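Residue numbers (the working numbering): 1 to 292. Beta carbons are placed, not taken as given, at the ideal position from N, Cα and C, and that holds for glycine. None of these values were measured; they are calculated from a predicted model. Here the structure comes first, spelled out in structure tokens, and everything after it is commentary.
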Amino acid sequence: MTQVWKPIGKQDIISLTGIVETLLGGQSFAWNSLSNHRWRGVISRSVIELQWKKRQLSWSQTGGTPLNESTLLDYLWLDDSYIAAIDALPWRSDYILNRAIQKFSGLRILRQPIEEVLMVFLLSSAKSIPQIKELRTKIHRLLGNDLGGGNYAFPGWDRLASLSEEKARSLGMGYRAKYLVGTARFLQQRPDWLDELKQLSYNQAKMTLMELPGVGPKIADCVLLFGGGKTEAFPIDTWIFQSLQKQYRLEGWKVAQMQDFAQIHFGQHAGLAQQFLFSLERTEARKSLSQK
DNA sequence: AACCAGGATAGCA
DNA sequence: TGCTATCCTGGT
1 MTQVWKPIGK QDIISLTGIV ETLLGGQSFA WNSLSNHRWR GVISRSVIEL QWKKRQLSWS
61 QTGGTPLNES TLLDYLWLDD SYIAAIDALP WRSDYILNRA IQKFSGLRIL RQPIEEVLMV
121 FLLSSAKSIP QIKELRTKIH RLLGNDLGGG NYAFPGWDRL ASLSEEKARS LGMGYRAKYL
181 VGTARFLQQR PDWLDELKQL SYNQAKMTLM ELPGVGPKIA DCVLLFGGGK TEAFPIDTWI
241 FQSLQKQYRL EGWKVAQMQD FAQIHFGQHA GLAQQFLFSL ERTEARKSLS QK
């Protein structure tokens, strides 16, 4: 049976590096590369492959429940609001940001389900991308529905609540196990809590999220940016911290001050700028590492 | 063989 | 408010 590929419409500003960074750069842990220009991932309960060929992005469903194209377009933020968001960033006056936007043209924030994003970022502290993926896969295999082809769905927080801390530790989560279990127990009592979060303003949602065990400012921002539709969220991890210190000359600034700087300088879609700077910083770090 | 990693938290000054 | 040690585990 030959694989059916459907072209994705609007995509004039996508580049290969932009796609790679978007899918594999650390905002989602659901994607893996099959080759240099082909990737497989799970979107809710659908197994999807993406392909970049002749400067054209196309998609194919290889398992799970059928996915509407409109759902895919929303997931990939493929609408005019992306172009407007890019245009609203201060690239005209910010040379660093401008360079990153050129280099990673088409890099975007995926609109992922907030419950999935919360789980992976609870496990993310002091872990590398491959390690987070590994933990995620173990949990999905243990508790999620089988989608065929070795792919498993996100189990949902109700099933996660059945996990004991001991069992979670046996999967290799370490001290993060109590965060996951604690959050699962909390959400079990408050089933609508996560969805209601999206109705709140960014600042309120962030404060609220930080009530969960294991969620501090950084992880709260990740959850809101990648899963909560809050593009003003600006997660400051060590990479961004470095970038702001070196590129933006903010040596000696505290994280809270940098947070304010980011809101003022980058504005309403600060999180999108963050993603570009993140990719730039990480790529340059890898480059200098390989030169040693 | 120490040391650190894409953080959060408790304890103390 | 600001600083530090500690938490698990795996990689260098």
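Asked, Found
"Buried or exposed (CB count within 10 angstroms, at least 16 for buried), LYS230", "buried"
"Buried/exposed call for ASN68, threshold 16 Cβ in 10 Å", "exposed"
"Beta-carbon spacing of PHE241, GLY271 below 8 Å", "no"
"Opposing strand residues paired with LEU50 [DSSP bridges]", "TRP39 and TRP59"
"Per-residue DSSP class, three states only, for HIS269", "helix"
"Spatial neighbours of ALA88 in its chain, beta-carbon cut-off 7 Å, leaving aside the 5 residues before and after", "GLY267, GLN268 and HIS269"
"Check whether THR294 and LYS133 have beta carbons under 8 Å apart", "This structure cannot settle anything about residue 294, because the visible part of the chain is limited to 1 through 292."
"In DSSP terms, what ASN98 is bridged to", "BP columns for ASN98 are empty, so no partner."
"Distance, GLN56 Cα to GLY26 Cα", "23 Å"
"Unbroken beta strand (DSSP E) run spanning LEU147, endpoints", "146–148"
"Reference SER33; option with closest CA among ARG45, SER44 and GLU49", "GLU49"
"Cβ-based neighbour list, ILE219, same chain, cut-off 6 Å, excluding 5 preceding and 5 following", "PHE121"
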